[in-house]
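Below is one structure; the comments refer to it alone.
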Amino acid sequence: MKLAPALLLLLVAALFVAACGDNDDGSDAIATETPNLFPSQPVPQQQPDPAQAIDATLTEPVDGVIEVALSDILFSPNNLHVPLGDTVTIRLTNNDPATHTIRIAGIDGRYDTEDDAFVPTIDSGAVEELTLDGATAGTFTFRCDLHPGSMGGVIVVD
Ligand SMILES: [Cu+2]
Numbered sequence: 000m001k002l003a004p005a006l007l008l009l010l011v012a013a014l015f016v017a018a019c020g021d022n023d024d025g026s027d028a029i030a031t032e033t034p035n036l037f038p039s040q041p042v043p044q045q046q047p048d049p050a051q052a053i054d055a056t057l058t059e060p061v062d063g064v065i066e067v068a069l070s071d072i073l074f075s076p077n078n079l080h081v082p083l084g085d086t087v088t089i090r091l092t093n094n095d096p097a098t099h100t101i102r103i104a105g106i107d108g109r110y111d112t113e114d115d116a117f118v119p120t121i122d123s124g125a126v127e128e129l130t131l132d133g134a135t136a137g138t139f140t141f142r143c144d145l146h147p148g149s150m151g152g153v154i155v156v157d
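With numbering that gives the first Met the number 0 applied, the sequence shown corresponds to residues 0 to 157, in that order.
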């Protein structure tokens with residue numbers, strides 16, 4: 000019987016946390032240093048159509064890394080596989096004279112929202128990395144913010 004008050008407190012604390020996590024506007028989202036494609040929102044929403052034709056075959060990570068070239072205003076490859084539960088780094092090499100970016104729409108299926116994973120600047124000749132946590136199954140669309148009409152692709156998590 001001595002445990003009963005402590006258990007009650009734990010229950011109250013759990014309910015409080017659940018209520019806070021229910022916030023639809025996402026204002027209580029936890030910021031992390033590494034961009035995280037998959038915050039706590041569990042159901043991926045409909046994604047934007049990718050601007051670029053998608054490769055016929057999925058590209059698998061090798062030792063946790065997928066190499067992607069940015070060449071001729073295209074992502075190559077652009078059909079990328081993140082095994083569910085794995086952490087995968089997308090390594091982006093910009094072979095173009097132009098600057099590029101990468102932005103993944105995230106679970107909400109919208110660009111320019113707080114659940115996006117992105118690299119804001121990939122200079123000509125630069126190599127940048129974006130590390131993704133494949134916590135939620137789904138197909139997620141990405142684009143280049145500077146060439147949104149021509150550069151795009153998908154990340155398939157399963
Ligand atoms: Cu671009």
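Cβ coordinates follow ideal geometry from the N, Cα and C atoms, glycine included.
Note that this is a predicted model, so its numbers are computed, not measured.
| Asked | Found |
| --- | --- |
| In whole angstroms, give me the CA-to-CA distance for A50 and D114. | 20 Å |
| Measuring alpha carbon to alpha carbon, tell me which residue in V61, N94, R90 is nearest L129. | R90 |
| Run through DSSP, which three-state label would E128 get? | strand |
| Quick one: what does DSSP say G133 is sitting in, helix, strand or coil? | coil |
| Decide if A52 is buried, meaning its Cβ has at least 16 other Cβ atoms within 10 Å, or exposed. | exposed |
| Taking its Cβ as the centre, do 16 or more other Cβ atoms sit within 10 Å of D122, making it buried, or is it exposed? | exposed |
| Could you tell me whether any non-hydrogen atom of ligand 2 is closer than 7 Å to the CB of I72? | Absence of ligand 2 from the depicted structure is noted, with ligand 1 being the only ligands included. |
| Mind pulling the beta strand (DSSP E) runs of 3 or more residues that sit fully within the region 44–98? | 64–70, 73–75, 78–81, 86–93 |
| Mind checking whether the beta-carbon of A52 lies closer than 7 Å to any heavy atom of ligand 1? | no |
| So, using beta-carbon positions, are I106 and F117 closer together than 8 Å? | no |
| Starting from I106, follow the beta strand (DSSP E) in both directions and report where the run begins and ends. | Premise fails: I106 is in no beta strand (DSSP E) and is neither H nor E. |
| State the DSSP-derived secondary structure class of G152, mapped to helix, strand or coil. | strand |
| What did DSSP end up calling T140 once you bin it into helix, strand or coil? | strand |
| Can A116 be considered in contact with ligand 1, in the sense that its beta carbon sits closer than 7 Å to one or more heavy atoms? | no |
| Do you know how far the Cα of H99 is from the Cα of E127? | 11 Å |
| Return the bridge partner residues of V42 from the DSSP annotation. | V42 pairs with nothing; no bridge assigned. |
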